[in-house]
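Protein sequences, first through last, are from chains D and E. All residue numbers for the first sequence refer to my numbering, where the first residue is 50 and numbers rise by one. All residue numbers for the second sequence refer to my numbering, where the first residue is 50 and numbers rise by one. Using N, Cα and C, we set each Cβ at its ideal position, and we do this for glycine too.
Protein chains: 2
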Amino acid sequence: MTSAEQPASPRKKVGRRPGSADTRLVVLEAARAEFAARGYEKASMRAIGRAAGVDAALLHHYFGTKDRLFLAALEFPVDPQMVVEQVIAGDRATVGERVAGFVLGLWEQPEVLTRMLALVRVAATTEQVAQLMRGFVQEELVRRVAVELDVERPELRTELMISQIVGLAMARYVIGVEPLASATREELLPLLAPTFQRYLTGE
Amino acid sequence: MTSAEQPASPRKKVGRRPGSADTRLVVLEAARAEFAARGYEKASMRAIGRAAGVDAALLHHYFGTKDRLFLAALEFPVDPQMVVEQVIAGDRATVGERVAGFVLGLWEQPEVLTRMLALVRVAATTEQVAQLMRGFVQEELVRRVAVELDVERPELRTELMISQIVGLAMARYVIGVEPLASATREELLPLLAPTFQRYLTGE
């Protein structure tokens with residue numbers, strides 16, 4: 050789902066060919082190493098390009114900005130920018146319903162669910178990954194959502210929304226408690242929507 | 050915090066002495082093995098006693114019922130029965146506030162927090178433990194809370210409350226996103242209480 054996953058066809062050849070499949074793998078590997086070593090905030094595109102033997106400008110051209118490269122490197126199943134544009138922005142009165150519908154719908158795609166649970170599991174047990182997620186979530190998700198909100202403590206409220214989403218994934222899919230695990234989207238939506246609505250708007 | 054952790058002094062001696070420290074360790078080890086092998090619902094006190102060389106009646110006398118033994122064996126940091134009696138039962142109009150205050154207060158005890166996070170981490174990565182937790186949570190926590198509630202789908206609503214609690218622990222302590230990680234109990238209580246209130250009472 051990340052826009053960085055399908056780079057446009059290469060136009061120039063300098064050093065490694067950034068558009069080729071094996072260069073892509075080398076870049077993603079270098080990115081994972083750099084993110085793991087320095088954390089999301091301190092990782093630099095320049096260092097990733099250098100490690101991969103790819104010119105920084107070309108790296109930007111084919112992988113976009115740091116957040117795009119991170120999403121691609123961690124195979125992050127959701128693009129925060131897309132979430133903000135398509136889910137958070139828009140009619141305030143129904144934002145809770147949109148968030149609940151989006152999240153429940155997302156998990157109905159097995160490959161997205163699998164990838165998300167893998168990330169939650171690794172973050173739960175590996176401090177380095179937890180730290181990476183923390184930086185990325187704060188910088189790229191919370192900040193972007195918070196700026197759209199017209200409430201006090203928008204970051205805190207955004208993170209409470211995220212905490213309900215993560216906990217729902219844990220309870221529904223990892224622990225698998227019944228009846229929550231088998232509840233349908235239609236059953237859960239009216240229970241969850243007001244929670245998200247209140248966190249995001251205070252209503 | 051579990052009442053089963055300090056057995057009364059032994060009065061009889063049959064087979065192993067159930068009150069002695071090493072018998073206690075043998076019983077807890079046998080309990081962990083039985084729970085792991087058969088899951089919470091199917092594990093039997095009789096089999097645990099047999100494996101530990103302790104008479105089933107004495108096992109009951111010193112460790113109480115199956116749920117008590119489970120709490121002791123997994124060093125579960127919270128006693129669901131106590132939670133229901135002290136937190137859920139009582140004035141319906143303020144139950145959300147009581148749940149939020151209880152949870153946030155609980156985590157201010159470092160040893161409880163550490164143990165709880167350890168359980169969440171293991172459950173997140175080990176299907177066997179997740180399955181154990183599922184059985185225990187459904188049988189001993191959800192059922193007991195749900196019976197106190199006067200709403201439709203009380204089990205589902207109880208599990209949504211639990212999902213918010215688990216997710217809060219993940220976001221606040223495991224991922225550690227700011228400002229949530231540093232928010233005080235006083236800042237979080239008014240944001241969380243209405244969520245729990247609505248899940249548990251529909252208001």
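In the three-state reduction of the DSSP assignment, E/Gln158 falls in the coil class. Against chain E, the beta carbon of D/Pro228 has neighbours under 8 angstroms at Arg202, Glu204, Leu205 and Glu208, listed in chain order. Residue range Pro203 to Ala218 is occupied by the alpha helix (DSSP H) that includes E/Ser212. A straight-line Cα-Cα distance of about 56 angstroms links D/Ala82 and E/Leu107.
Contact between the region 115-122 of chain E and the region 69-86 of chain E is established, with three or more Cβ pairs separated by less than 8 angstroms. Among the residues facing chain E, D/Val136 is not included, as its CB has no counterpart in that chain under 8 angstroms away. Exclusion of the five residues before and after E/Pro129 leaves Glu189, Leu190 and Arg193 as the residues of its chain whose Cβ lies within less than 7 angstroms of its Cβ. For D/Leu198, the closest Cβ of chain E is not nearer than 8 angstroms.
Separation of D/Gly251 and E/Pro243 (C-alpha to C-alpha, rounded to the nearest whole angstrom) is 11 angstroms.
Shown in chain order are the members of the region 152-179 of chain E whose Cβ falls below 8 angstroms from a Cβ of chain D: Val169, Arg170, Ala172, Ala173, Thr174 and Ala179. Secondary structure at E/Val194: helix, using DSSP grouped into helix, strand and coil. Listed in chain order, the positions of the region 209-222 of chain D with a beta carbon within less than 9 angstroms of a beta carbon of chain E are Leu209, Ile211, Ser212, Gln213, Ile214, Val215, Gly216, Leu217, Ala218, Met219, Ala220 and Arg221.
D/Val148 sits in a helix when the DSSP states are folded into three classes. At least 8 angstroms separates the CB of D/Arg193 from every CB of chain E. E/Val127 places its beta carbon less than 8 angstroms from that of E/Leu155. Exclusion of the five residues before and after E/Lys115 leaves Met94 as the residues of its chain whose Cβ lies within less than 6 angstroms of its Cβ. Around the Cβ of D/Gly184, a 10 Å sphere holds 16 or more other Cβ atoms; the residue is buried. Only buried fits D/Ala173, as 16 or more other CB atoms lie within 10 angstroms of its CB. Taking the Cα positions, E/Thr175 is about 42 angstroms away from D/Asp104. Secondary structure at D/Leu237: helix, using DSSP grouped into helix, strand and coil. At a cut-off of 8 angstroms between beta carbons, E/Met182 contacts chain D. Shortest Cα-Cα distance from E/Glu157 to any of E/Arg87, E/Ala232, E/Ala96 and E/Gly216 involves E/Ala232.
Going by C-alpha positions, D/Leu217 is about 42 angstroms away from E/Ser69. For D/Tyr89, the uninterrupted alpha helix (DSSP H) segment begins and ends at Ala70 to Lys91. Note on D/Gly145: 16 or more other CB atoms within 10 angstroms of its CB, so buried under the neighbour-count rule. For the options D/Leu198, D/Ile214 and D/Pro239, the alpha carbon positioned closest to that of D/Ile137 is the one of D/Leu198.
By the 16-neighbour rule on beta-carbons within 10 angstroms, E/Val226 is buried. Just so you know, the alpha carbons of E/Val132 and E/Ala149 end up roughly 12 angstroms apart. Take D/Gln213, set aside five residues on each side of it, and the residues of its chain with a beta-carbon closer than 8 angstroms to its own are Leu241, Thr244, Phe245 and Tyr248, in chain order. At least 8 angstroms separates the beta-carbon of E/Ile97 from that of E/Val75.
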